[in-house]
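Colleague: The sequence shown begins at 96 in this note's numbering and counts up by one.
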Amino acid sequence: MHDPTECFGGVDWATDAHAVCVVDAQGRVIVHFDVAHSAEGLSELCGRVRRAGARRVAIERPDGPVVDALLAAGLEVVVVTSRSVKALRERYGTSGNKSDRSDAYVLADCLRTDGHRWRSLEPDSPATVTLRGHVRARKDLVETRVATANQLRAHLRIVLPGAVGLFRHIDSSISLRFLERFPSATRAAWLSEKRLAAWLGANGYCGGKTAAELHGRLTSAPEGLMGDEGDARGAVTLAYVTVLKTLRAQVDELDTRLDELLDAHPDAVIFRSLPRCATVRAAALLAEIGDCRARFPDAETLS
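Here you go:
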């Protein structure tokens, strides 16, 4: 039997806004409202659910900002798979008004009637939370690096076209050293095949192409900007190079830290043993799946 004063919450999450419903022990709607997907909206969601008297909240999504906010507010979170919600929704297909048929209501009311069979999520351990923070920070930095590399590529198509595609990756160590030494068409024009060969040898190039091939690529491309304008744009090249070198260094530092954090985690051996799981992938899987495997009760939820 339920405590007659007990209440139950349901959240129908979406990208921009979330529908929320709280029902009492008899299934009567206490509150039914929408909140924006923002810090203020999530704060309002948690506050109104708590004030309505609910301590458990059902939701389809097992992770993300909404779940994190609910757990941080001291609420118990119960994950109901999309497949289960689809089946449960049939109970309410012909009863009540539109709000009573919403998924938020279905989640809340089914938590009332079936919640005793569902496990609540457990907050992740400090080790997992720390690992997740580093994984997400690395992802953000890599995305920034890719965006900056694309900006550099677009810049070079005007300033120094021969440098685009000269090396396998435009933000590789050898490519950035080349652009640091030859940031403009004027500087690159100084290179003969012999001089380029000497530079490649001094910088440990091992990309598999000969100096003749690389020099041919440089000289067969459009000339680019020469003179004062070319020199001025060369300063922009150097700015991009500086940013990319910094981003590469910071990603490398995070990779080292991820390796340390993963080794210190009690579940490291499980995730390191998965196929094709080097440090970054193993850390990302562990960080996003978390400690409570009830977040992902089936393959559909995990995918």
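C-beta atoms are modelled at their ideal positions from N, C-alpha and C, and glycine is treated no differently.
Along the chain, where does the beta strand (DSSP E) containing GLU171 start, and where does it finish?
Modeller: Here the beta strand (DSSP E) through GLU171 covers 171 to 174.
Colleague: Residues in its own chain within less than 6 Å of ILE384 by CB, not counting five upstream and five downstream?
Modeller: Hits under 6 Å: none found.
Colleague: Pair every Cβ in the region 224 to 241 with every Cβ in the region 278 to 289, then say whether three or more of these pairs are closer than 8 Å.
Modeller: With the cut-off at 8 Å, the region 224 to 241 and the region 278 to 289 do not touch.
Colleague: Which of the three DSSP states, helix, strand or coil, is assigned to HIS229?
Modeller: Helix at HIS229.
Colleague: Does the separation of the CB atoms of GLY400 and ALA168 fall below 7 Å?
Modeller: Residue 400 lies beyond the residue range present for the chain, which begins at 96 and ends at 398; the question has no answer from this structure.
Colleague: If you drop the 5 nearest sequence neighbours on each side, which residues of the same chain put their C-beta closer than 7 Å to that of ALA316?
Modeller: These residues qualify, in order along the chain: PRO256, GLY257.
Colleague: In angstroms, rounded to a whole number, what distance separates the CA positions of ASN192 and PRO361?
Modeller: Interpretation of ASN192 is limited by its pLDDT of 45, a score under 50 that renders its predicted location unreliable; no figure is taken from the coordinates.
Colleague: To the nearest angstrom, how far is it from the Cα of ARG144 to the Cα of LEU274?
Modeller: Note on residue identity: the sequence assigns Val, not Arg, to residue 144. So the two alpha carbons sit approximately 57 Å from each other.
Colleague: Should LEU166 and PRO218 be called a contact, given that it needs their Cβ atoms to be closer than 7 Å?
Modeller: Yes. Within cutoff.
Colleague: Taking all protein chains shown into account, do 16 or more other C-beta atoms lie within 10 angstroms of the C-beta of HIS113, making it buried, or fewer, making it exposed?
Modeller: Burial call: buried.
Colleague: When the distance is taken between beta carbons, is ARG328 closer than 7 Å to HIS229?
Modeller: No.
Colleague: Let me know the secondary structure DSSP gives PHE366 once reduced to three states.
Modeller: In the structure shown, PHE366 sits in a helix (DSSP, three-state: H, G or I).
Colleague: According to DSSP, is GLY302 part of a helix, a strand, or is it coil?
Modeller: Of the three classes helix, strand and coil, the one that applies to GLY302 here is coil, per DSSP.
Colleague: Identify every residue that forms a DSSP beta bridge with ILE154.
Modeller: In the DSSP output, where bridge partners are listed per residue, ILE154 has VAL106, VAL174.
Colleague: Decide if SER194 is buried, meaning its Cβ has at least 16 other Cβ atoms within 10 Å, or exposed.
Modeller: Low local confidence applies: a pLDDT of 47 at SER194 is under 50, so the model's placement there is unreliable, and no value is given.
Colleague: Quick check on the DSSP output: the beta strand (DSSP E) that includes ARG130 runs from which residue to which?
Modeller: For the sequence presented, residue 130 should be read as Val rather than Arg. Its beta strand (DSSP E) spans residues 124 to 131.
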